[in-house]
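The numbering used here applies: residue 2 is where the sequence shown begins, and numbers increase by one. All residues carry an ideal CB built from backbone N, CA and C; glycine is no exception. These figures come from a predicted structure and were not determined experimentally.
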Amino acid sequence: MKDLHSHLLPGLDDGAQSLADTEKMLKTASASGISVIAATSHYSRETDGKYDEAFEKAENLAEKHGIRLLKGTEYDLEYIADVPREKLRPIGATKFLLVDMNRNYIVHAMTNLFFELKLAGFQIIFAHPERMLRADDLDKLINILTENDIYIQMDSGSLVGRYGHLARKNAFRILDRGGCHLLGNDAHNAHHFLFRESRTILNKHYGPGLFELLAEKNPSALLAGEDLIPSPKRKGFWERLLHGRG
Ligand SMILES: [Fe+2]
């Protein structure tokens, strides 16, 4: 499995604070069957200059645990415009930037920003849209993302209830309507690797195959420069009754 969202580099953000924390996280990830992790620390002007050094240290540890570590950064949409384009750090050797949004409203300038980043040659993965909005705003946001060809990454923690009732409900809302592309652990510590639990939940609600699409096939396609397959829309009650589950 491939996890394109983590905070395991030491001392850069609210994730791992020491190399010992990093190693604990790598051990747990490896035991849960993960072979590739993107080290997507939160961007901050103060710590960005220390990224490469922290990455090198973690990369050596990751190899020991049979994990390939990829570079990356998680950018808050509100501040990404302040980062010089040549300093933006996409995931691995791709052109994909991981972005998130922390304030509880839809950024009005979002579409312009997406357009500018696209012009600069980047593509975008929007992290965990399920975590911050009420249902009507969530629908608006998902429409904007879909119209702008932005890939959607959901947190495994949302599915298992780590972020509370709203995030879990939203996660199912996004999956029911189809169009999710990736599942990430967004791990800040060793307890946040929740792929196993997510697989059980997804298998129960959507049948086999969805977890593999979001945690293996699509991440592999993204790293290979291929298009991703959006998760399918869930059939309604009558459709399922007439034409079978799915
Ligand atoms: Fe994150």
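8 Å or more divides the Cβ of Asp-156 from the Cβ of Arg-235. Apart from the 5 residues on each side of it in sequence, Glu-217 sits with its Cβ closer than 6 Å to the Cβ of Met-2 in its chain, given in chain order.
Gly-162 and Ala-168 have their C-alpha atoms roughly 7 Å apart. DSSP places His-166 inside the alpha helix (DSSP H), whose first and last residues are 166-178.
Remark: the C-beta of Asp-4 is outside contact range of ligand 1, defined as less than 7 Å to any heavy atom. The criterion of a C-beta distance shorter than 8 Å is not satisfied by Ile-92 and Leu-118. Annotation for Met-111: the continuous alpha helix (DSSP H) segment containing it runs 111-120. For Ile-35, the secondary structure class from DSSP, reduced to helix, strand or coil, is coil. Taking C-beta atoms as the reference points, Ile-143 and Leu-99 fail to come closer than 8 Å. When DSSP states are grouped into helix, strand and coil, Arg-46 belongs to the coil group. With a threshold of 16 other beta carbon atoms within 10 Å, Thr-41 meets it and is buried.
Comparing C-alpha distances from Ile-151 to each of Pro-220, Phe-97, Asp-4 shows the shortest one belongs to Phe-97. When secondary structure is reduced to three states using DSSP, Gly-12 falls in the coil class, being assigned neither helix nor strand. Close CB contacts of Met-111 within its chain, under the 7 Å cut and outside five residues either way in sequence, are with Leu-78, Ile-145 (chain order). Residue pairing for Met-155: DSSP places it in a beta bridge opposite Leu-184.
Asn-219 is positioned such that its CB atom lies closer than 8 Å to that of Ile-230. It is roughly 11 Å from the alpha-carbon of Lys-205 to the alpha-carbon of Glu-198. Check the Cα spacing between Ala-94 and each of Ser-232, Leu-224, Pro-233: the tightest is with Leu-224.
Considering only Met-133, Leu-5, Gly-73, the residue with the shortest C-alpha distance to Asp-53 is Gly-73.
Going by beta carbons, Leu-184 and Leu-215 fall inside the 8 Å limit.
Set against 7 Å, the gap from the CB of Ala-128 to the closest heavy atom of ligand 1 is smaller.
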